[in-house]
Amino acid sequence: MVQENGKRKKPNILVTGTPGTGKTTVCTALAEATQLCHINVGELVKEKNLHDGWDDELDCHVLNEDLVRYQFIYL
107 MVQENGKRKK
117 PNILVTGTPG
127 TGKTTVCTAL
137 AEATQLCHIN
147 VGELVKEKNL
157 HDGWDDELDC
167 HVLNEDLVRY
177 QFIYL
């Protein structure tokens, strides 16, 4: 996030929830209405291999928070 005087110009908004609840739809509309950037972390994790494998019980990737955080430094 671009900073001015050590403070962010725009907020980071994290939206979480179970699959199929409309997170992407809401975030896309929010980004359009506010001129904020929408980053789908789940897609980013898959595309850039930012995970530690697959969790069969939860049916999802195991997110590697360190790799994701490092990725956002350069976005």
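Take the working numbering: the final residue in the sequence shown is number 181, and no numbers are missing along the way. No residue lacks a Cβ here, since even glycine has one placed at the ideal position from N, Cα and C. It should be emphasised that the depicted structure is a prediction, and the values quoted were computed from it without experimental measurement.
Can you check whether the CB of residue j is closer than 7 Å to the CB of residue i?
i: Ala135; j: His144; result: no
i: Leu173; j: Leu156; result: yes
i: Val121; j: Cys133; result: yes
i: Gly123; j: Lys129; result: yes
In this structure, how does DSSP classify residue i when only helix, strand and coil are distinguished?
i: Val147; result: helix
i: Leu173; result: helix
Among the options, whose alpha-carbon lies nearest the alpha-carbon of residue i?
i: Leu164; options: Ala139, Val121, Lys113, Pro125; result: Pro125
i: Gln166; options: Glu149, Phe178, Asn111, Thr127; result: Inspection of the sequence shows that residue 166 is occupied by Cys rather than by Gln. Per the Cα distances, Glu149.
i: Ile119; options: Thr140, Ile179, Trp160; result: Thr140
i: Asp161; options: Tyr176, Asn170, Lys154; result: Asn170
State the CB to CB distance for the pair residue i and residue j, rounded to an integer number of angstroms; the pair is presumed to be in contact (CB under 8 Å).
i: Asp158; j: Val168; result: 5 Å
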